[in-house]
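2 protein chains.
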Amino acid sequence: MKSIIIDMDEVMADTMGGMINLYKTKYDGEIKYDLMRGGSWIKGFPPEHQSMVRQWLFEPGFFRHLPVMKDSIAVINELNKKYKVFIVSAAIEFPNSLHDKLCWLNDHFPFLPWQQIVFCGSKSVVHGDYMIDDLVRNLETFNGHKYLYSGYHNAEITGYDRLNNWQEAAAIFL
Amino acid sequence: MKSIIIDMDEVMADTMGGMINLYKTKYDGEIKYDLMRGGSWIKGFPPEHQSMVRQWLFEPGFFRHLPVMKDSIAVINELNKKYKVFIVSAAIEFPNSLHDKLCWLNDHFPFLPWQQIVFCGSKSVVHGDYMIDDLVRNLETFNGHKYLYSGYHNAEITGYDRLNNWQEAAAIFL
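Read top to bottom, the protein sequences are chains A and B.
Sequential numbering of the first sequence, starting at 46, is according to my numbering.
Sequential numbering of the second sequence, starting at 46, is according to my numbering.
The following block contains the structure:
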């Protein structure tokens, strides 16, 4: 059985969407999606709020109730029957996210047992057959086949096979 | 630079020692070290307290103030200059341990940045050049050179290179 390493933020969880939702409950600054292209999605927030928004990532609760990426639950549930699925999130940078991320996974992906969850720093320590991730820095050290999961922040990256949504993942893997 | 995957419990942290200390603050049952041989160290506690002691592993705070294994700080500090060191703990089984373990590492091993820490379920997803672990189930899927770190619970295991203490690790790796 082959293994698939799946990232959480911007792949399973709509982290940017959750941040925009939170921001709009407090401020009415304009989100500029074109400024996210080729960099961090934080660059799409008004300059005076970018450091604050980044700080929100470190606070308890932020990762607890993020929206789920469309079709990810159904497709990962099927993948889990045909592959060794590992959810690998570079979460150690955000210590308060660990508990939130576990609860979030338990809410939405209860079919994934604890054995299949990894919270790491550098993903260079992880190996497998396939990796689905939105960040080149995570893919570039991987030993298997790499898929870049598309988002505004990686729109200008070339040289990787892409997954634009979970239906495309289903078509390839199932 | 070669990589070394280092386990936490029973390798860097004296988890059994911490449990015995905690137990002795509350009960005066006898700890039978010979009953730990070839199994879980929980078997060394009186039978009527074994399920309670196992439950303590799931409670917030248990992993926060464990004793540190002798010489581990000094030796890992030196290893960290010559190798890519990754601390890999199968901590996801114990959700409340995650925050405690990060704080414990920050207390005693502040020279290890977040990039080098991994909390996982199954360690089969981790690869590298060397692994130091006290559990055969973690070593058996590893692709590199394996060292069993000795403890009462693995005293009867054969077929692995052993590290009996951190001075032996220094002699081999430094």
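Even for Gly, the Cβ is constructed at its ideal location relative to N, Cα and C.
| query | Between the Cα of M114 (chain B) and the Cα atoms of B:S169, B:C165, B:L208 and B:S96, which residue gives the shortest distance? | reply | The count along the second sequence starts at 1 and reaches residue 114 (chain B) at position 69. Of the candidates B:S169, B:C165, B:L208 and B:S96, the one whose C-alpha sits nearest the C-alpha of M114 (chain B) is B:L208.
| message | Less than 7 Å between CB atoms is the rule here; does I137 (chain B) satisfy it with respect to chain A? | response | Here the question's residue 137 (chain B) lines up with position 92 in the second sequence. Closer than 7 Å to the CB of I137 (chain B) there is at least one CB belonging to chain A.
| Alpha carbon to alpha carbon, what distance is there between H198 (chain A) and Q212 (chain A)? | Residue 212 (chain A) sits at position 167 when you count from the first residue of the first sequence. Residue 198 (chain A) sits at position 153 when you count from the first residue of the first sequence. The alpha-carbon atoms of Q212 (chain A) and H198 (chain A) are separated by roughly 21 Å.
| Any non-hydrogen atom of the ligand SAM within 6 Å of P155 (chain A) CB | The ligand content of the structure shown is nil, which means the ligand SAM is not present either.
| request: Check the Cβ of F108 (chain A) against every Cβ in chain B and list those closer than 7 Å, keeping chain order. | output: If you number the first sequence from 1, residue 108 (chain A) lands on position 63. The contacting residues do not exist; F108 (chain A) stays about 13 Å from chain B at best.
| request: Check distances from the C-beta atoms of the segment 186–218 of chain B to those of chain A and list, in chain order, the residues that come in under 8 Å. | output: Flagged, chain order: N188.
| task | Identify the continuous beta strand (DSSP E) that holds M176 (chain B) and give its terminal residues. | result | The count along the second sequence starts at 1 and reaches residue 176 (chain B) at position 131. Membership of M176 (chain B) in the beta strand (DSSP E) is indicated by the continuous run Y175 to D178.
| Listing by chain order, which chain B residues have their CB less than 8 Å from the CB of H172 (chain A)? | Position 127 of the first sequence, counted from the first residue, corresponds to residue 172 (chain A). Against chain B, the beta carbon of H172 (chain A) has neighbours under 8 Å at V170, V171, H172 and N188, listed in chain order.
| What whole-angstrom Cβ distance do Y194 (chain A) and I177 (chain A) have, given they're in contact under 8 Å? | The count along the first sequence starts at 1 and reaches residue 194 (chain A) at position 149. The count along the first sequence starts at 1 and reaches residue 177 (chain A) at position 132. Confirmed, Cβ separation roughly 5 Å.
| request: Going by DSSP, name the residue or residues bridged to D79 (chain A). | output: Taking the first residue of the first sequence as position 1, residue 79 (chain A) is located at position 34. For D79 (chain A), which the question treats as bridged, DSSP gives no partner whatsoever.
| query | Are I49 (chain B) and Y175 (chain B) close, meaning C-beta to C-beta below 7 Å? | reply | As a first step, residue 49 (chain B) must be located in the second sequence, where it is residue number 4. As a first step, residue 175 (chain B) must be located in the second sequence, where it is residue number 130. In contact: I49 (chain B) and Y175 (chain B) (Cβ atoms closer than 7 Å).
| said: Let me see if you follow: with CB-CB separation under 7 Å, is G166 (chain B) close to chain A or not? | reply: As a first step, residue 166 (chain B) must be located in the second sequence, where it is residue number 121. Chain A contact via Cβ: present.
| field | V181 (chain A) beta carbon less than 7 Å from that of V133 (chain A) | value | Start at 1 with the first residue of the first sequence, and residue 133 (chain A) comes out as number 88. Start at 1 with the first residue of the first sequence, and residue 181 (chain A) comes out as number 136. The Cβ-Cβ distance between V133 (chain A) and V181 (chain A) does not fall below 7 Å.
| Candidates A:N188, A:D179, A:Q160 and A:M53, of which the one nearest V171 (chain A) by Cα | Sequence index remark: in the first sequence, residue 171 (chain A) carries index 126 (1-based). Considering only alpha carbons, the answer is A:N188.
| query | Taking all protein chains shown into account, do 16 or more other C-beta atoms lie within 10 angstroms of the C-beta of F108 (chain B), making it buried, or fewer, making it exposed? | reply | Here residue 108 (chain B) refers to the residue found at position 63 when the second sequence is read from its first residue. Under this definition F108 (chain B) is a buried residue.
| request: Anything in chain B within Cβ reach of I162 (chain A), meaning under 8 Å, just list it in chain order. | output: Numbered from its first residue, the first sequence carries residue 162 (chain A) at position 117. Under the 8 Å cutoff, chain B gives I137, C165 and G166.
| Residues in its own chain within less than 6 Å of F90 (chain B) by CB, not counting five upstream and five downstream? | Residue mapping note: residue 90 (chain B) aligns to position 45 of the second sequence, counting from 1. Non-local beta-carbon contacts of F90 (chain B) in its own chain, meaning distances under 6 Å to residues more than five positions away in sequence, involve V98 in chain order.
| Where K69 (chain B) and N183 (chain B) are concerned, what is the direct C-alpha to C-alpha distance, given to the nearest angstrom? | Sequence index remark: in the second sequence, residue 69 (chain B) carries index 24 (1-based). Sequence index remark: in the second sequence, residue 183 (chain B) carries index 138 (1-based). Roughly 30 Å separates the two Cα atoms.
| query | So, E138 (chain A) versus W159 (chain B), is the Cβ gap smaller than 7 Å? | reply | The sequence position of residue 138 (chain A) within the first sequence is 93, counting from 1. The sequence position of residue 159 (chain B) within the second sequence is 114, counting from 1. Going by C-beta atoms, E138 (chain A) is nearer than 7 Å to W159 (chain B).
| If you follow the alpha helix (DSSP H) that S167 (chain B) is part of, which residue opens it and which one closes it? | Position 122 of the second sequence, counted from the first residue, corresponds to residue 167 (chain B). Per DSSP, S167 (chain B) belongs to no alpha helix (DSSP H) and is neither H nor E.
| 7 Å Cβ cutoff, F154 (chain B) in contact with chain A | Reading the second sequence from its first residue, position 109 is the one you call residue 154 (chain B). Proximity of F154 (chain B) to chain A, defined by a Cβ-Cβ separation below 7 Å, is not satisfied.
| query | Is DSSP giving D206 (chain A) helix, strand or coil here? | reply | Along the first sequence, read from residue 1 onward, the residue named residue 206 (chain A) stands at position 161. DSSP places D206 (chain A) within a strand segment (E or B) once states are collapsed to three.
| task | Sort B:E201, B:S169, B:L219 and B:A200 by Cα distance to T186 (chain B) and report the nearest one. | result | Your numbering for residue 186 (chain B) matches position 141 in the second sequence. Nearest to T186 (chain B) by C-alpha distance, out of B:E201, B:S169, B:L219 and B:A200, is B:S169.
| said: Please classify K146 (chain A) as buried or exposed, where buried requires at least 16 neighbouring CB atoms within 10 angstroms. | reply: Position 101 of the first sequence, counted from the start, is the residue given in the question as residue 146 (chain A). Here K146 (chain A) is buried, its C-beta having at least 16 other C-beta atoms within 10 Å.
| task | Taking Y68 (chain A) as part of the alpha helix (DSSP H), name the residues at either end of that continuous run. | result | For this step, residue 68 (chain A) is matched to residue 23 along the first sequence. Annotation: the continuous alpha helix (DSSP H) that includes Y68 (chain A) extends over T60 to K69.
| For F131 (chain B) and chain A, any beta-carbon pair shorter than 7 Å? | Here residue 131 (chain B) refers to the residue found at position 86 when the second sequence is read from its first residue. Yes, F131 (chain B) counts as interfacial toward chain A.
| task | Please list, in chain order, all residues of the same chain as V120 (chain B) whose beta carbon is under 7 Å from its beta carbon, the five residues on each side excluded. | result | Within the second sequence, residue 120 (chain B) is the residue found at index 75, counting from 1. Closer than 7 Å at Cβ, skipping near neighbours: W211, A214 and A215.
| said: Please classify Q161 (chain B) as buried or exposed, where buried requires at least 16 other C-beta atoms within 10 Å of its C-beta. | reply: As a working mapping, residue 161 (chain B) is identified with position 116 in the second sequence. That one is buried.
| said: Just to confirm the assignment, what range does the alpha helix (DSSP H) spanning L150 (chain B) have? | reply: Working through the second sequence from its first residue, we reach residue 150 (chain B) at position 105. Counting along the chain, the alpha helix (DSSP H) containing L150 (chain B) begins and ends at S142 to H153.
| message | Judging by CA-CA distance, which residue of B:A136, B:K88, B:L80 and B:K129 is the nearest neighbour of A58 (chain B)? | response | Along the second sequence, read from residue 1 onward, the residue named residue 58 (chain B) stands at position 13. Nearest option by C-alpha distance: B:A136.
| query | Of all the residues that make up the segment 80–113 of chain A, which are near chain B by a beta-carbon distance shorter than 8 Å? | reply | Legend: CB atoms of the segment 80–113 of chain A lying less than 8 Å from CB atoms of chain B are not found in any residue.
| said: Taking DSSP's pairing of strands, which residues face H190 (chain A) in a bridge? | reply: Stepping through the first sequence from its first residue, residue 190 (chain A) is reached at position 145. Partner residues in the beta bridge of H190 (chain A), as assigned by DSSP, are A:Y175.
| field | Buried versus exposed, by CB contacts within 10 Å (16 or more), T203 (chain B) | value | Counting from 1 along the second sequence, the entry for residue 203 (chain B) is found at position 158. Burial state of T203 (chain B) is exposed, judged by a 10 Å Cβ sphere holding fewer than 16 other Cβ atoms.
| task | Report the option in A:K88, A:H190 and A:L157 whose CA atom is closest to the CA atom of I118 (chain A). | result | Along the first sequence, read from residue 1 onward, the residue named residue 118 (chain A) stands at position 73. That would be A:L157, whose Cα lies nearest to the Cα of I118 (chain A).
| F131 (chain A) - containing beta strand (DSSP E), residue span | If you number the first sequence from 1, residue 131 (chain A) lands on position 86. Annotation: the continuous beta strand (DSSP E) that includes F131 (chain A) extends over K129 to S134.
| message | Using CA atoms only, rank isn't needed, just tell me which of B:K47, B:M46, B:G84 and B:E104 is closest to M64 (chain B). | response | Your numbering for residue 64 (chain B) matches position 19 in the second sequence. Comparing Cα-Cα distances from M64 (chain B) to each of B:K47, B:M46, B:G84 and B:E104, the minimum goes to B:E104.
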